[in-house]
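*Asks:*
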Amino acid sequence: MAEAAGSIERVATELAGVFTRITNKLGDDSAIDTFEQLGVHFPDEFLTEPTISAARLTVYGCGAELRPLTQQLAAAISSGDQAAVAGASFALITQFGRVVEALPELANALATAGPTLPGITAAQIAELNENLPRKIVDLLVADILQLSAPASALLLVFGILERTFVPGDATNPSKPPYERVSVHLDRILPALTNPVGHLGTLYGWGTDHFDAGRLLLVIEAMVAGLGLPVLFTPGTATEPPRLQIFAFDLEPTADGSGLKVAVMLRGALTTTFTFPVSPPTWNAEIGLSGTLPAGASGELRPPLDIELTPPAGPFEASITAGLKATPPTPFLLLGTAGGSRLEFAGLSATGGMKLTFDPGTGKAGGGPIAEGEVTGGKLIIDTAGGDGFISTLLGQLHLESRFDVGFSFTPEQGLRFHGSGGLEIQVPVHVELGPVQLQAIYLLATIEAGKLPIELSAGLTAKLGPISAAVDRIGVRADLSFPGNGGNLGPADLVFAFKPPTGVGLSLDAGVVTGGGYLFADPDRGEYAGVLQLEFAKFLAVKAIGLITTRMPDGSSGFSLLLVLTAEFGGGGLQLGYGFKLIGVGGIIGLNRTMRLDALMEGVRTGAIESVMFPRDIVANAPRILSDLRAFFPPQEGTFLIGPMAKLGWGTPTLVSVSLGVIIEIPGNIAIVGVLKVALPTEELPLLILQVNFAGAIEFDRKRIFFFASLFGSRVLTMSINGEMGLLVAYGADPNFVLSVGGFHPSFAPPPLPFPSPRRVSVDVLNSGIGRITISGYFAVTSNTAQFGAQADLFFGFGGFGIEGHIGFDALFQFSPFMFIIEVHASVSLKAFGVGVFSISLRFALSGPTPWRARGTGSISFFFFEISADFDITWGEERDTVLPPVNVMPLLAAELLKPEGWQARPPAGGAPLVTLRALPEAESELVLHPLGTLFVRQRAVPLDIQVDKVGSEAAADVSKLAVSPAGTGLTKLSDAEEMFALAQFQNMDDAAKLARRAFERQHAGLELSPDGVAMASQRAVRRSARYEQSVIDTITPPDKPSESFVNYNGTLFNHFMAGSSVARSPLAAAQRTLREPAGQRLTVTGDSYVVARTLNNRRLSGPFTSQALAAQDLADRVADAPSLDGTLHVIPASEALS
1382 MAEAAGSIER
1392 VATELAGVFT
1402 RITNKLGDDS
1412 AIDTFEQLGV
1422 HFPDEFLTEP
1432 TISAARLTVY
1442 GCGAELRPLT
1452 QQLAAAISSG
1462 DQAAVAGASF
1472 ALITQFGRVV
1482 EALPELANAL
1492 ATAGPTLPGI
1502 TAAQIAELNE
1512 NLPRKIVDLL
1522 VADILQLSAP
1532 ASALLLVFGI
1542 LERTFVPGDA
1552 TNPSKPPYER
1562 VSVHLDRILP
1572 ALTNPVGHLG
1582 TLYGWGTDHF
1592 DAGRLLLVIE
1602 AMVAGLGLPV
1612 LFTPGTATEP
1622 PRLQIFAFDL
1632 EPTADGSGLK
1642 VAVMLRGALT
1652 TTFTFPVSPP
1662 TWNAEIGLSG
1672 TLPAGASGEL
1682 RPPLDIELTP
1692 PAGPFEASIT
1702 AGLKATPPTP
1712 FLLLGTAGGS
1722 RLEFAGLSAT
1732 GGMKLTFDPG
1742 TGKAGGGPIA
1752 EGEVTGGKLI
1762 IDTAGGDGFI
1772 STLLGQLHLE
1782 SRFDVGFSFT
1792 PEQGLRFHGS
1802 GGLEIQVPVH
1812 VELGPVQLQA
1822 IYLLATIEAG
1832 KLPIELSAGL
1842 TAKLGPISAA
1852 VDRIGVRADL
1862 SFPGNGGNLG
1872 PADLVFAFKP
1882 PTGVGLSLDA
1892 GVVTGGGYLF
1902 ADPDRGEYAG
1912 VLQLEFAKFL
1922 AVKAIGLITT
1932 RMPDGSSGFS
1942 LLLVLTAEFG
1952 GGGLQLGYGF
1962 KLIGVGGIIG
1972 LNRTMRLDAL
1982 MEGVRTGAIE
1992 SVMFPRDIVA
2002 NAPRILSDLR
2012 AFFPPQEGTF
2022 LIGPMAKLGW
2032 GTPTLVSVSL
2042 GVIIEIPGNI
2052 AIVGVLKVAL
2062 PTEELPLLIL
2072 QVNFAGAIEF
2082 DRKRIFFFAS
2092 LFGSRVLTMS
2102 INGEMGLLVA
2112 YGADPNFVLS
2122 VGGFHPSFAP
2132 PPLPFPSPRR
2142 VSVDVLNSGI
2152 GRITISGYFA
2162 VTSNTAQFGA
2172 QADLFFGFGG
2182 FGIEGHIGFD
2192 ALFQFSPFMF
2202 IIEVHASVSL
2212 KAFGVGVFSI
2222 SLRFALSGPT
2232 PWRARGTGSI
2242 SFFFFEISAD
2252 FDITWGEERD
2262 TVLPPVNVMP
2272 LLAAELLKPE
2282 GWQARPPAGG
2292 APLVTLRALP
2302 EAESELVLHP
2312 LGTLFVRQRA
2322 VPLDIQVDKV
2332 GSEAAADVSK
2342 LAVSPAGTGL
2352 TKLSDAEEMF
2362 ALAQFQNMDD
2372 AAKLARRAFE
2382 RQHAGLELSP
2392 DGVAMASQRA
2402 VRRSARYEQS
2412 VIDTITPPDK
2422 PSESFVNYNG
2432 TLFNHFMAGS
2442 SVARSPLAAA
2452 QRTLREPAGQ
2462 RLTVTGDSYV
2472 VARTLNNRRL
2482 SGPFTSQALA
2492 AQDLADRVAD
2502 APSLDGTLHV
2512 IPASEALS
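Read left to right, the sequence shown gives residues 1382 to 2519 (the working numbering).
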């Protein structure tokens, strides 16, 4: 036999020992005591009763055979005789089964002969026999766990081990008091993965039905098992339960949601308890330390947070527990000593709680945490000692894989492995088995809900003529669980199933046809994907990417499909004329798939957009391509995608190429995506390379159009070029315009953009180890501003010396009168070993051009000395650069004369009661309904506010415009509104241009109605409803006066008319709605502003529908009363006091 026992021998030996203990408990010396621990005290006749004795002897005999069979297995393993190993293993497993089968036979014998014993009733036997084999096993497991006090104590708290005292019957000797023991293996996984939730299930912790008494009783048993002083006092009708543990008192809080904690320490305490556990080289250690004042108290609340309050002054306290294993030789987990095995050199785990004082709250708080590490882990695969078949299969293989595994445990997250959700081991083997090659073996184990999945799989490759295949992770999966009612392994349940491959790859090289593909399968996620690439005689390359999902994002069952298909033509493509050619065609089809525009825009920046537009080498890049497609086009029920694609080129050889696709979402939006590439003068030796990813979209629901582009891999000679641009045109309720090439002015806060904020356009003139020179710039136009800027950065360094500097500017432009302001900043410095030696910096604002003015600060420093000076210089002549003014009134009049600015609308709401005929198209006059309204609006200039200019030209004839009805016949109901960019109509400083919204809603016209219509109301009409009565019956009606018309009672009338077309008409429904109480509704309105006093924000006037109208009202008030200047301001209505 080997010097040290292998894992197979140890497992077999331990199992044999466990089953031998079971049989020993049923021997003559222990049987009566064993059943007394299960609640029944049998008389001495129990040992001689023939039926029961025969059943006990059967169990005992089956167990006695286990040890010699174990010895035979060990001898067979040591000799290397595989046939003997198989035979001994089969015999041992068979004998285990016989022991398990014998236990129910003992229950049957007790049911038959037990009630005949003196003082024993049938009811007692029936209760005893209920799941008797499980009770015996639980009793044995509890006895074994009792050898390890920490493990037993922890299992008690989490309900895995339960001990319940049963008082028995003092008047009946056969019903002694005993402790009912139950082992719940099905609670192990919940305790590991969700401790707080598991405690809530057991004790109501964290719920409104928390059972504090039960939890304190379990904690008492746990602490007593650790050998610490503890006293539990049950609760009474007037007093709550109480637990005293060494230096702490615990009892329920007043609201019953947690535990009150009283600290009984006086002064400082530092002590450590150390005691060995099994195996002998393992030690457990518990430490307590603290400096607590008398009378400190607090609460322990879910999840497991404690908070203590001292009478006065700060304090600190901690409690720690540790487990450390340092075996003299590596601890063998699995395998055989000296052969293939899994072992580790050391194990350490610490846990506890530290209370930290917070001076702000005057309390100390903390929570529990545990962490540990397995060190010196090693997986060894050694075939030197294998049999002939193994040696032939694997050769003289010796592999060692070293690892360290860290883990942590918190109440909220449970058990977590550092860097992984479980155990995953991959062993490369590269073994030839004829046409099949075994590439790798995988062993994976994770923790899932209620079970432990274990996977043993392999990676295979095969070559059959021109076809090569690869299969990844095909094998077997075993799910180990611990159901409450037991399983096929007693308390455990082990289910084996076929593990389908996660991927299958194919490659083909048949001369004329070459290519390959790969299929991915993920049944757990309900996802299947594949890629295929074939090339026919170097003329046509076909690529296909498919993605099928059988599970929707909300977890429900469903189906979605995404297919990308492209075909590229070899030989330079198909000529179209004028130097253009068709290089490829393709398309996208999506069933129950939507389009994420934000992901597409981000894909432009990252380059992921190329996964859609004619991707290259799709077999090698399949995981990345499929990941990008999942992000771009996620599943969504009821949405479909269709997108034609084309790849065009120009020049021979191709100098310019563009891949373009249009993706249509039904229902939904339209997107355009593409890649542009330019290589000059030739693609093989280019001096200029420009490559651009771009994407744009039309969002009909949000009423906006946008476009985003990003340079990548571009250069001029050796100078790389980078940068991005974006365009946004919003035409809905919140219109906007933004164009940016390279970003925005540093002081400008752009509106929310549907694409990333563009990065600066930059050129790396020099980029080497000793020097860098970079030039960058930007240009942006919004509805309020024109922005431009540039910057140059340099750095040169060698040894410990370096020179670095920069120069740049940011500019804002105004067109009438033409002027600009440019903020310039520059600096240069010399450093030696990181210390500044000499530097010059300059920062100023330059405005002009008539006159020029520079105002700013400059400084010079040398070592620790610095000189700075402010300057303000003006030069040049003043010129009038104002554009000729414009007359605004003719613009307004011309706009009001446009027919599209006049609109007649029917009455709002209600039923028209009449049918209107359609007017001939030739008639140009507006026809106004007698109860309708007339809308008159224009988009040239805003009304009722100050108008300083129109565009870049000053207003010559008016400063404020208003429109009102002339004469009689029409009455103003309200103001019509449109969106205006106020920077185009009012003078603003640069700060206001940068801060104001791009567009604001302003008055643009009127809503009119005929005189008197607005005050009209319906007349009350009273009517009598009578019906003609006819009696139809086979029996002759009695003689009575004939009534031709009958009046119905009002209630009966409403009842009989409820289903008629009149009662169901829109008019009747409107009347019923008027009589019903108004329902609770949420109405969303636009922003509103008021003029308020600066002293207390009390509203003076308003609200106004725009900030400009409020500002106009403020200006009018100050003009009328100059003393109000500085005492009023415009604020949102929500911030004002009424």
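Here a beta-carbon is modelled for each residue, glycine too, at the ideal position from N, C-alpha and C.
Flag this pair as yes or no: are the beta carbons of Gly2158 and Ala2171 separated by less than 9 Å?
*Replies:* Yes, Cβ-Cβ distance for Gly2158 and Ala2171 is below 9 Å.
*Asks:* Could you pull out every unbroken alpha helix (DSSP H) segment of at least 4 residues lying fully inside the region 2223-2303, listed in chain order?
*Replies:* You should have 2269-2277.
*Asks:* Assign Phe1725 to buried or exposed, taking buried as 16 or more other Cβ atoms, counted over all protein chains shown, within 10 Å of its Cβ.
*Replies:* Counting Cβ neighbours within 10 Å, Phe1725 comes out buried, since at least 16 surround it.
*Asks:* Using C-beta distances below 6 Å, list every residue in its chain close to Leu2071, excluding the 5 sequence neighbours before and after it, in chain order.
*Replies:* Val2059 and Ser2095, listed in sequence order.
*Asks:* Alpha carbons only, please: which of Met1994, Lys1962, Ala1910 and Ile1999 is nearest the one belonging to Glu1916?
*Replies:* Ranking Met1994, Lys1962, Ala1910 and Ile1999 by Cα distance to Glu1916 puts Ile1999 first.
*Asks:* So, is Met2270 buried or exposed, given that buried needs 16 or more other C-beta atoms within 10 angstroms?
*Replies:* Exposed, since its Cβ has fewer than 16 Cβ neighbours within 10 Å.
*Asks:* Count the other CB atoms, across all protein chains shown, that sit within 10 Å of the CB of His1565; report buried if there are 16 or more and exposed otherwise.
*Replies:* Buried is the call here.
*Asks:* Let me confirm a value: Lys1844 is counted as buried when at least 16 other C-beta atoms fall within 10 Å, else exposed. Which label applies?
*Replies:* The residue in question, Lys1844, is exposed, as its Cβ has fewer than 16 Cβ neighbours within 10 Å.
*Asks:* Quick one: Cα of Val2520 to Cα of Met2369, how far?
*Replies:* No statement about residue 2520 is possible, as the shown extent of the chain runs from 1382 to 2519 and does not include it.
*Asks:* Go to Phe1416, then tell me how far its alpha helix (DSSP H) extends in each direction, as first and last residue.
*Replies:* From DSSP, the alpha helix (DSSP H) with Phe1416 extends over Ala1412 to Glu1417.
*Asks:* Whole-angstrom Cβ separation of Leu1704 and Pro1749, contact assumed at under 8 Å?
*Replies:* Between Pro1749 and Leu1704 the Cβ distance is about 15 Å, and since that is not below 8 Å, they are no contact.
*Asks:* At a cut-off of 8 Å, would you count Ile2053 as near the ligand SAM, judging by its Cβ distance to the nearest heavy atom?
*Replies:* Judged by which ligands are present, the structure shown has none, so any question about the ligand SAM falls away.
*Asks:* Whose CA, out of Leu1861, Glu1632, Gly1936 and Gly2055, lies closest to the CA of Met1994?
*Replies:* Among Leu1861, Glu1632, Gly1936 and Gly2055, the Cα nearest to that of Met1994 is on Gly2055.
*Asks:* Start and end of the alpha helix (DSSP H) containing Ile2006?
*Replies:* Looking at the DSSP string, the run of the alpha helix (DSSP H) that includes Ile2006 is Ala2003 to Phe2013.
*Asks:* Near Leu1681, which residues of its chain fall below 7 Å by C-beta distance, leaving aside the five closest residues on each side in sequence?
*Replies:* Once the five neighbours on either side are set aside, the close Cβ partners of Leu1681 are Gly1639, Leu1640, Val1642 and Ile1687.
*Asks:* What number of angstroms, rounded off, separates the C-alpha of His2384 from the C-alpha of His2310?
*Replies:* So the two alpha carbons sit approximately 25 Å from each other.
*Asks:* Is the beta carbon of Arg2140 less than 9 Å from the beta carbon of Asp2174?
*Replies:* No; because the gap between Cβ atoms is not below 9 Å, this pair is not in contact.
*Asks:* In angstroms with no decimal places, state the Cα-to-Cα distance between Ile1415 and Lys1406.
*Replies:* Here residue 1415 turns out to be Thr, not Ile, going by the sequence shown. Those two C-alpha atoms are separated by around 6 Å.
*Asks:* Could you give the distance in angstroms between the alpha-carbon of Gly2282 and the alpha-carbon of Pro2323?
*Replies:* Rounded to the nearest angstrom, the two C-alpha atoms are 14 Å apart.
*Asks:* Please work out which residues of its chain come closer than 7 Å, Cβ to Cβ, to Ala1369, disregarding the five sequence neighbours upstream and downstream, and give them in chain order.
*Replies:* Look at the range of the chain in this structure, 1382 to 2519, and you will see that residue 1369 is not part of it.
*Asks:* Please give the ranges of any alpha helix (DSSP H) in the region 1428-1456, keeping only runs that are unbroken, at least 4 residues long and fully inside the region.
*Replies:* Counting only runs of 4 or more, we get 1431-1445.
*Asks:* According to the Cβ coordinates, are Leu1728 and Glu1754 closer than 9 Å?
*Replies:* In contact: Leu1728 and Glu1754 (Cβ atoms closer than 9 Å).
*Asks:* Rounded to whole angstroms, how far is the Cβ of Gly1965 from the Cβ of Phe1950, which I believe are closer than 8 Å?
*Replies:* The Cβ separation is near 6 Å, so the contact holds.
*Asks:* Could you work out which residue in Arg1797, Tyr1909 and Thr1895 is closest to Gly1927 when comparing CA atoms only?
*Replies:* Among Arg1797, Tyr1909 and Thr1895, the Cα nearest to that of Gly1927 belongs to Tyr1909.
*Asks:* According to the neighbour-count rule (16 or more other Cβ atoms, all chains shown, within 10 Å of its Cβ), is Gly1802 buried or exposed?
*Replies:* Because Gly1802 sits at a pLDDT of 47, beneath the cut-off of 50, its placement in the model cannot be relied upon, and the following sentence gives the value as read from the coordinates. Looking at its Cβ environment, which holds fewer than 16 other Cβ atoms inside 10 Å, Gly1802 is exposed.
*Asks:* Return the Cβ separation of Leu1943 and Ala1925 in integer angstroms, given the expectation that the two are a contact with Cβ distance under 8 Å.
*Replies:* Not confirmed; about 11 Å, so no contact.
*Asks:* Which residues mark the beginning and the end of the alpha helix (DSSP H) in which Leu1509 is found?
*Replies:* That run of the alpha helix (DSSP H) goes Ala1503 to Asn1510.
*Asks:* Does the structure place the region 1881-1898 close enough to the region 1854-1864 that three or more beta carbon pairs sit under 8 Å?
*Replies:* Verdict: yes, contact present.
*Asks:* Might you give, ordered along the chain, the residues of its own chain that have their beta carbon closer than 6 Å to the beta carbon of Asp2494, omitting 5 neighbours on each side?
*Replies:* For Asp2494, where only same-chain residues beyond five positions count, the Cβ hits under 6 Å are Val2472 and Ser2482.
*Asks:* When the Cα of Gly1350 is compared with those of Lys1962, Ala1948 and Thr1947, which residue comes out closest?
*Replies:* Nothing in the structure corresponds to residue 1350, since the chain is present only between 1382 and 2519.
*Asks:* Pull up the distance between the alpha-carbon of Trp2256 and that of Pro1996, whole angstroms please.
*Replies:* Answer to the nearest angstrom: the Cα atoms are 59 Å apart.
*Asks:* Does the beta-carbon distance from Met2438 to Asp2115 come in below 9 Å?
*Replies:* No.
*Asks:* Given a cut-off of 9 Å on the beta-carbon distance, is the pair Ser2249 and Thr2238 in contact?
*Replies:* Yes, they are a contact pair.
*Asks:* For Gln2367, which of Gly2107, Val2339 and Arg1974 has the nearest alpha-carbon?
*Replies:* Per the Cα distances, Val2339.
*Asks:* Can you name, in chain order, every residue of its own chain whose Cβ lies under 6 Å from the Cβ of Gly1776, other than the five neighbours on each side?
*Replies:* For Gly1776, the predicted structure reports a pLDDT of 49, less than 50, and the residue's modelled location is therefore unreliable. A value from the coordinates is still provided. Correct list: empty, nothing qualifies.
*Asks:* From Ser1388 to Ser1470, what distance separates their C-alpha atoms?
*Replies:* Any reading at Ser1388 is ruled out, since the residue's pLDDT is 49, under 50, leaving its predicted position unreliable.
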